[in-house]
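Residue numbers (the working numbering): 283 to 418. Think of the CB as a built atom: it goes at the ideal place given N, C-alpha and C, for glycine as much as any other residue. Read through the structure below, which is laid out as structure tokens, and then see the notes.
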């Protein structure tokens with residue numbers, strides 16, 4: 283079993299590096315064309331996959347450090363789904379109307395021209411004035 287271990291390690295490294303290389307976009311492949319990297323990974327055991335993994339990691343680290351934001355601006359905080367009002371509104375269609383308690387609707391005023399004062403309550407402007415009682 284121990285004599286198959288180097289072969290298994292090489293196979294696992296080759297498969298991992300091959301999938302990594304294939305999934306990498308053409309612009310992100312470091313130094314050599316993608317086809318040449320695939321050939322090196324497949325036909326050079328141990329060295330090909332290890333070199334690919336190291337070069338790809340170094341290349342991605344360089345790109346990330348070049349794109350990194352200045353430290354004076356904090357990164358924007360992502361909105362969690364339970365903080366997003368649009369997401370919460372979209373959940374209303376999945377709620378069971380039998381178990382959902384709806385808030386009471388606000389009462390509409392009876393008097394449309396003066397919504398602050400109800401009709402049956404008399405205020406100071408409804409009381410008779412001194413000039414109305416005939417004593418002028």
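Straight-line gap, residue i to residue j (C-alpha atoms, nearest Å)
i: residue 309; j: residue 293; result: 27 Å
i: residue 322; j: residue 343; result: 22 Å
i: residue 373; j: residue 380; result: 15 Å
i: residue 330; j: residue 306; result: 16 Å
i: residue 362; j: residue 370; result: 11 Å
i: residue 365; j: residue 384; result: 21 Å
i: residue 301; j: residue 378; result: 46 Å
i: residue 386; j: residue 375; result: 19 Å
i: residue 298; j: residue 290; result: 12 Å
i: residue 341; j: residue 311; result: 8 Å
i: residue 303; j: residue 313; result: 13 Å
i: residue 334; j: residue 368; result: 44 Å
i: residue 332; j: residue 283; result: 24 Å
i: residue 418; j: residue 388; result: Caution applies to residue 418, whose pLDDT of 49 falls short of 50 and renders its modelled position unreliable; the value that the coordinates give is listed next. Rounded to whole angstroms, residue 418 to residue 388 spans 45 Å at the Cα level.
i: residue 324; j: residue 316; result: 12 Å
i: residue 346; j: residue 319; result: 22 Å
Where residue i falls: helix, strand or coil (DSSP)
i: residue 432; result: Residue 432 is absent from the model: the chain starts at 283 and stops at 418.
i: residue 284; result: helix
i: residue 371; result: helix
i: residue 366; result: coil
Whole-number beta carbon distance between residue j and residue i, since they are thought to touch under 8 Å
i: residue 328; j: residue 295; result: 7 Å
Alpha helix (DSSP H) runs wholly inside the region 283-343, at least 4 long, in chain order: Contiguous alpha helix (DSSP H) elements confined to the region 283-343 occur at 287-305 and 316-325, taking only those with 4 or more residues.
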